[in-house]
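Engineer: At position 191 of the sequence shown the residue is numbered 189 (the numbering used here), and the sequence of numbers has no breaks. We put the beta carbon where it would ideally sit given N, CA and C, even for glycine. Just so we're clear, the structure is a prediction, and the values are computed from it rather than from any experiment.
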Amino acid sequence: ETYVESATQLAGWLGELGVADVDEVTRDHVADFITHLIEPRSPSTASVRFRSLQQFFGWLAEEGELAGANPMEKMRPPMVPERPVPVLSPDLLRALFADCLGTSFIDRRDEAIVRLFADTGLRLSELAHLTVADVDLDEQLAVVIGKGRRPRAVPFGAKTTAALDRYLRVRGRHKRAAEPALWLGPNNRQAMTVNGIGQMVRRRGADAGIPELHPHMLRHTFAHSWLAEGGNEGDLMRITGWKSRAMVNRYGASAADQRARDAHGRMALGD
-1 ETYVESATQL
9 AGWLGELGVA
19 DVDEVTRDHV
29 ADFITHLIEP
39 RSPSTASVRF
49 RSLQQFFGWL
59 AEEGELAGAN
69 PMEKMRPPMV
79 PERPVPVLSP
89 DLLRALFADC
99 LGTSFIDRRD
109 EAIVRLFADT
119 GLRLSELAHL
129 TVADVDLDEQ
139 LAVVIGKGRR
149 PRAVPFGAKT
159 TAALDRYLRV
169 RGRHKRAAEP
179 ALWLGPNNRQ
189 AMTVNGIGQM
199 VRRRGADAGI
209 PELHPHMLRH
219 TFAHSWLAEG
229 GNEGDLMRIT
239 GWKSRAMVNR
249 YGASAADQRA
259 RDAHGRMALG
269 D
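1) Note down the Cα distance separating GLY119 from VAL17, rounded to an integer number of angstroms.
2) From GLY207 to ALA93, what does the alpha carbon distance come to, in whole angstroms?
3) Which term fits SER50, buried or exposed, when burial requires 16 or more other beta carbons within 10 angstroms of its beta carbon?
4) Can you tell me the Cα-Cα spacing of THR6 and GLN53, whole angstroms?
5) Less than 8 Å between the CB atoms is what I'm expecting for ALA161 and GLU109, so what's the real figure, rounded?
6) Using C-beta distances below 8 Å, list every residue in its chain close to GLY183, excluding the 5 sequence neighbours before and after it, in chain order.
7) When you compare each of THR24, PHE220 and ASN230 to VAL112 by their alpha carbons, which one comes out closest?
8) Kindly indicate which three-state DSSP category ARG174 falls into: helix, strand or coil?
9) In the DSSP assignment, what are the bridge partners of ASP269?
10) Could you work out which residue in LYS241, SER223 and GLU177 is closest to ARG150 when comparing CA atoms only?
11) In this structure, what does DSSP give as the bridge partners for LEU86?
12) Can you give the Cα-Cα distance for SER87 and GLY155, rounded to whole angstroms?
13) Is the CB-CB distance between GLY232 and ARG148 below 8 Å?
14) Going by C-alpha to C-alpha distance, which of ARG174, GLY146, ASN230 and THR159 sits closest to GLU137?
15) Starting from ASP117, follow its DSSP beta bridges and name the residues at the other end.
16) Quick check on the DSSP output: the alpha helix (DSSP H) that includes ALA156 runs from which residue to which?
17) Let me know if SER42 comes out buried or exposed under the rule of 16 or more other beta-carbons within 10 Å of its beta-carbon.
18) According to DSSP, is ALA93 part of a helix, a strand, or is it coil?
19) Report the three-state DSSP secondary structure of ASP19 (helix, strand or coil).
20) Should ASP97 be labelled buried (16 or more other beta-carbon atoms within 10 Å of its own) or exposed?
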């Protein structure tokens, strides 16, 4: 979707300049388009568009759809200043869990979802596509399909297990209980979508006093908490599905200064 959207935006922008053929696109055209995106939007958005267009023009070149050279060959992406994603304090996490307390189908489901996010650091798409068969309460494991179609088993704790167990029991009385998808909608509706789960998390966050909450913030919070408790970086990479240690640094940056201060206090070297 991102690739198609990026190419469509570029085509629309070029159309306003009178450029109607892909062979007319130059390096300067692409550079101007990316610059055009930075001011009204953000460097991160421009970077996403740049990398998507790199893939698009690379594909055009490989397929022989370009009469000349790839206009994006050797182009460098825009610089994106590091803006760490905020992480949730234990008190805010408790407030989020408390907002889901209840015995209704929606409360049971939402508590299981937010606890699983916070306890595993799953990506939104990974959690959304879970099936009932993917969750093993006895082993306290969820098998997910990550980026690159790579499966991995992700552990979760006792409270998340209890929340999942409560949800699965109430789910068993759902009209669509025989369907494989784990997360079902209320009132006998079909399975929740990625967007639906994201909207639910934002709504629960707003109710709990966390207006900017989104699922990725829970992933950052998980990574921060793991490192703050002295967790091994290699183990964190396996659980989160990261192949590059650079991702550990990126996600851990959200509260790295606080972890450094806490470590200094524990060591008390000057004392």
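Structural biologist: Taking the geometry as given:
1) Rounded to whole angstroms, GLY119 to VAL17 spans 45 Å at the Cα level.
2) For GLY207 and ALA93, the distance between alpha carbons rounds to 8 Å.
3) By the beta-carbon neighbour count (other beta carbons within 10 angstroms, threshold 16), SER50 is buried.
4) Each residue's Cα considered, the two are about 14 Å apart.
5) Correct: roughly 5 Å between the Cβ atoms.
6) Once the five neighbours on either side are set aside, the close Cβ partners of GLY183 are ALA189, MET190 and GLY194.
7) Comparing Cα-Cα distances from VAL112 to each of THR24, PHE220 and ASN230, the minimum goes to PHE220.
8) In this structure, ARG174 counts as coil in the three-state DSSP scheme.
9) DSSP lists no bridge partner for ASP269.
10) Comparing Cα-Cα distances from ARG150 to each of LYS241, SER223 and GLU177, the minimum goes to LYS241.
11) LEU86 pairs with nothing; no bridge assigned.
12) A straight line joining the alpha-carbon of SER87 with that of GLY155 spans about 19 Å.
13) No, these two residues do not count as a Cβ contact at 8 Å.
14) When each option's Cα is compared against that of GLU137, the closest is THR159.
15) DSSP output for ASP117 lists no bridge partner at all.
16) Run containing ALA156: 156 to 169, per the alpha helix (DSSP H) assignment.
17) Classification of SER42: exposed, given that the 10 Å Cβ count is below 16.
18) Helix, per DSSP.
19) Assignment of ASP19 by DSSP, reduced to helix, strand and coil, places it in the coil class.
20) That one is buried.
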